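Visitor:
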Amino acid sequence: SSGSRTREPRRQLSISARPFTPIGERGENGSGGGGGGGGSSSGGMNIVNSHLTVHQQQLGDRLYPRVHALRPSLAGKITGMLLELSPAQLLMLLASDEALRQKVEEAMDILMNLSGHDLSSENQLDIDVLVSLNQSGSSDPSGSSGARSGKPTSGSSRLDPDPSDIGDDTSGDDNAPLFYCPGKQGFYSPRQGKASYERLNAFRNTGRILGLCLLQNELCPLFLNRHVIKYILSRPIRFHDLAFFDPVMYESLRQLVVNAENKNLSGLFSVLDLNFSIDMCTEEGGGSIELVPGGRDMEVTASNVYDYVRKYAETRMFKSQVKAIEAIRAGIFDVVPASCLENLTPEDFRLLLNGVGDINVTVLISYTSFIDESGEPSERLIKFKRWLWSIVEKMTHLERMDLVYFWTGSPALPASEDGFQPMPSVTIRPADDAHLPTANTCISRLYIPLYSSRATLRHKLLLAIKTKNFGFV
1 SSGSRTREPR RQLSISARPF TPIGERGENG SGGGGGGGGS SSGGMNIVNS HLTVHQQQLG
61 DRLYPRVHAL RPSLAGKITG MLLELSPAQL LMLLASDEAL RQKVEEAMDI LMNLSGHDLS
121 SENQLDIDVL VSLNQSGSSD PSGSSGARSG KPTSGSSRLD PDPSDIGDDT SGDDNAPLFY
181 CPGKQGFYSP RQGKASYERL NAFRNTGRIL GLCLLQNELC PLFLNRHVIK YILSRPIRFH
241 DLAFFDPVMY ESLRQLVVNA ENKNLSGLFS VLDLNFSIDM CTEEGGGSIE LVPGGRDMEV
301 TASNVYDYVR KYAETRMFKS QVKAIEAIRA GIFDVVPASC LENLTPEDFR LLLNGVGDIN
361 VTVLISYTSF IDESGEPSER LIKFKRWLWS IVEKMTHLER MDLVYFWTGS PALPASEDGF
421 QPMPSVTIRP ADDAHLPTAN TCISRLYIPL YSSRATLRHK LLLAIKTKNF GFV
């Protein structure tokens with residue numbers, strides 16, 4: 001039967017999924033009979049892919065070459081397993097090579113651990129060969145550890161966890177962390193949890209700390225996602241802000257909009273079976289949310305996809321965390337008048353709060369002054385300064401951040417020299433190869449003995465900034 005539109009899409013990969021046959025291997029019978037899933041037959045044999053609609057076959061033809069490049073021997077079986085996933089997961093796989101690779105590896109683990117299931121003889125043979133190869137490199141003759149170390153051994157989805165696994169999680173727990181990284185590592189969004197008074201007060205206090213940093217020209221190491229900054233500045237949050245929040249999902253939805261403009265791909269919406277509801281991740285509250293009233297019964301089509309992607313972005317970025325974001329904003333304005341920020345762009349705000357991420361050595365040199373306590377001739381001091389800056393120029397980005405953090409107490413440079421209070425300085429101490437450099441972060445001063453060689457200076461400086469021992473002097 002054709003029931004692929006009415007079947008409930010799986011949230012987990014299943015070994016019982018029927019294999020997918022790519023267009024080049026369907027032969028004469030399969031070339032025209034796979035559409036509609038009508039279950040027609042030729043000569044008593046089922047037409048290949050008869051369980052799939054035309055649109056599902058088109059989707060399979062897009063996935064198969066990419067799966068084949070990763071796991072050629074079982075590409076058909078794995079593609080069939082992938083085609084049973086939910087629309088949101090399929091969107092993710094189409095947009096992200098890394099997400100697809102993870103799913104393919106997960107499918108391989110399932111097949112290698114559950115190879116006793118009823119599969120076609122050809123696929124069963126392929127699986128048996130793979131399992132035997134895996135066992136040949138293991139001391140366990142039973143092969144019970146068929147999956148590679150560190151990989152999941154069940155069909156649980158890495159991209160979209162089963163709701164049954166979320167029940168006892170800390171998604172609504174007010175003891176959960178206040179922030180999480182939805183996309184790019186190092187950029188944070190609030191996690192409001194149950195939005196209790198105590199938790200919202202914690203967010204407001206966080207806002208007050210941010211306000212104090214702005215007021216006192218101090219840098220803060222908390223990098224907020226762009227949409228949070230835009231709300232603080234009373235700027236409208238747009239769909240394209242999702243690119244900074246969840247770049248993989250943004251690319252999936254952007255591709256969906258592009259496909260809507262292509263009449264040849266408009267049928268893709270039928271196979272994806274999207275509607276105006278989304279499943280929220282644990283950090284965003286979990287569960288399913290309708291984007292509009294009655295959204296579960298409203299299909300996404302080429303004509304309303306623009307409305308869908310806008311509401312998707314608005315719900316995930318803002319509506320699901322609105323109380324926490326409002327509390328942060330209120331905390332900032334407890335310290336800084338709103339009028340002080342009204343002309344800032346999000347980029348201006350980030351520079352003021354977080355500084356410049358890329359530490360420019362030329363700029364650092366222009367900020368820095370030297371104080372001589374060594375009593376050595378000027379020629380040697382000039383040579384020593386050249387050693388120092390040549391070492392800094394050859395440092396990695398992370399090493400420069402460590403140096404500036406050790407020196408000033410902040411891992412970044414301020415947006416302008418006005419941000420330094422006072423400006424950074426280096427005091428050259430008397431010659432001494434035994435001691436490490438030290439720093440007084442309150443006045444942004446670095447103390448370096450006049451080392452006897454460039455190699456000694458480099459070794460001692462890197463050792464000091466990586467040790468990260470601090471104390472009061």
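Residue numbers (full-length UniProt numbering): 1 to 473.
Virtual Cβ for every residue (Gly too), placed ideally from N, Cα, C.
Please read these numbers as outputs of a predicted model, since none were measured by experiment.
#1: What residues in its chain sit with their C-beta under 7 angstroms from that of R101, if we drop five residues either side in the sequence?
#2: What is the DSSP secondary structure of V292, reduced to helix, strand or coil?
#3: When the distance is taken between beta carbons, is S277 closer than 8 angstroms to L256?
#4: Got a sec: is the Cβ-Cβ distance from M249 to anything in chain D below 8 angstroms?
#5: Would you call the segment 47 to 66 in contact with the segment 243 to 256, where contact means no fewer than 3 C-beta pairs closer than 8 angstroms?
#6: So, helix, strand or coil for Y451, using DSSP?
#7: Under 7 angstroms Cβ to Cβ from H68, same chain only, skipping five residues before and after it: list those, please.
#8: Three or more beta-carbon pairs under 8 angstroms between the segment 338 to 347 and the segment 222 to 239, yes or no?
#9: With 16 as the cutoff for other CB atoms within 10 Å, does Y250 come out buried or exposed?
#10: So, for W387: in the same chain, excluding its five sequence neighbours on each side, which residues have a beta-carbon less than 6 angstroms away from its beta-carbon?
#11: Return the Cβ separation of R323 and A195 in integer angstroms, given the expectation that the two are a contact with Cβ distance under 8 angstroms.
#12: What are the uninterrupted segments assigned as beta strand (DSSP E) that are 3 or more residues long and contained completely in the segment 299 to 384, given in chain order?
#13: Under the rule that 16 or more other beta-carbon atoms within 10 Å means buried, what is T467, buried or exposed?
#14: Compute the Euclidean distance between the alpha carbons of E314 and R238, then round it to the nearest angstrom.
#15: Skipping 5 residues on each side, what residues in its chain have a beta carbon closer than 7 angstroms to that of N354?
#16: Going by other Cβ atoms of all chains shown within 10 Å of its Cβ, with 16 needed for buried, is S16 buried or exposed?
#17: When the Cα atoms are used, what is the spatial distance from S270 to N262?
#18: My understanding is that L462 touches E399, with C-beta atoms under 8 angstroms, so please give their C-beta distance in whole angstroms.
#19: Rounding to the nearest angstrom, what Cα-Cα distance links S378 and S366 in this structure?
#20: Run the CB neighbour count on K383, radius 10 Å, all protein chains shown included, and call it buried at 16 or more, exposed below.
#21: By DSSP, does V392 sit in helix, in strand, or in coil?
#22: Among residues of its own chain, excluding the 5 on either side of L253, which ones have a beta-carbon nearer than 6 angstroms to its beta-carbon?
#23: Exposed or buried, which one is Y312 when buried takes at least 16 other CB atoms within 10 Å?
#24: Please state if the CB of M298 and the CB of G287 are separated by a distance shorter than 8 angstroms.
#25: Have a look at the DSSP bridge pairing and note the partners of residue 482.
#26: State the CB to CB distance for the pair residue 475 and L274, rounded to an integer number of angstroms; the pair is presumed to be in contact (CB under 8 angstroms).
#27: Excluding the five sequence neighbours on either side, which residues of its own chain have a C-beta within less than 6 angstroms of the C-beta of R316, listed in chain order?
#28: Are the segment 446 to 453 and the segment 428 to 437 in contact at 8 angstroms, needing three or more beta carbon pairs?
#29: Determine the extent of the alpha helix (DSSP H) in which S252 is found, giving its start and end residues.
#30: Taking only the alpha-carbon atoms, compute the straight-line gap between S14 and I209 and give it to the nearest angstrom.
#31: Can you tell me which of the three DSSP states F20 falls into?
#32: Going by alpha carbons, who is nearest to I332 out of T206, G294, Q57?
#33: Determine the burial state of G211: buried for a count of at least 16 other Cβ atoms within 10 Å of its Cβ, exposed for fewer.
#34: Could you tell me the distance, in whole angstroms, from the CA atom of L178 to the CA atom of T21?
#35: If you drop the 5 nearest sequence neighbours on each side, which residues of the same chain put their C-beta closer than 8 angstroms to that of V336?
#36: Taking all protein chains shown into account, decide if R296 is buried (16 or more other Cβ within 10 angstroms of its Cβ) or exposed.
Guide: Concretely, from the data shown:
#1: Excluding residues within five positions, the ones whose Cβ falls inside 7 angstroms are L70.
#2: In the three-state DSSP reduction, V292 falls in the coil class, being neither helix nor strand.
#3: Their beta carbons are not under 8 angstroms apart, which means L256 does not touch S277 by this criterion.
#4: Any reference to chain D falls outside this structure, which holds one protein chain only.
#5: Not touching, per the Cβ criterion.
#6: Here Y451 sits in coil by DSSP.
#7: Cβ neighbours of H68 beyond the five flanking positions: A75.
#8: Yes, they touch.
#9: Burial call: buried.
#10: Same-chain partners within the cutoff: R454, L457.
#11: Strictly speaking, residue 323 in this sequence is Lys, with Arg absent from that position. For K323 against A195, the beta-carbon gap comes to about 5 angstroms, under 8 angstroms, which counts as contact.
#12: Correct list: 369 to 372.
#13: Its Cβ having fewer than 16 others within 10 Å, T467 is exposed.
#14: Looking at the backbone, the Cα of E314 and that of R238 are separated by about 8 angstroms.
#15: Excluding residues within five positions, the ones whose Cβ falls inside 7 angstroms are L219, C220, F223, A412.
#16: With fewer than 16 neighbouring CB atoms inside 10 Å of its own CB, S16 falls in the exposed class.
#17: Rounded to whole angstroms, S270 to N262 spans 14 angstroms at the Cα level.
#18: At roughly 7 angstroms, the Cβ-Cβ gap stays under 8 angstroms, so L462 and E399 are in contact.
#19: So the two alpha carbons sit approximately 20 angstroms from each other.
#20: Its Cβ having fewer than 16 others within 10 Å, K383 is exposed.
#21: Shown here, V392 sits in a helix according to DSSP, grouped into three states.
#22: V309.
#23: Classification of Y312: buried, given that the 10 Å Cβ count is 16 or more.
#24: Cβ atoms of G287 and M298: not closer than 8 angstroms.
#25: Since the first residue shown for the chain is 1 and the last is 473, residue 482 is missing from the structure and cannot be characterised.
#26: Residue 475 is absent from the structure shown; the chain starts at 1 and stops at 473.
#27: When the five nearest sequence neighbours on each side are left out, no beta carbon in the same chain lies closer than 6 angstroms to the beta carbon of R316.
#28: Touching, per the Cβ criterion.
#29: Start and end: 247 to 261.
#30: Looking at the two C-alpha atoms, the distance is approximately 49 angstroms.
#31: F20: coil per DSSP, three-state reduction.
#32: Taking only the C-alpha atoms, the option nearest I332 is T206.
#33: By the neighbour-count rule (16 or more Cβ atoms within 10 Å), G211 is buried.
#34: Looking at the two C-alpha atoms, the distance is approximately 47 angstroms.
#35: Around V336, the same chain offers G211, L214, L215 as residues with beta carbons nearer than 8 angstroms, after the five sequence neighbours per side are excluded.
#36: Exposed is the call here.
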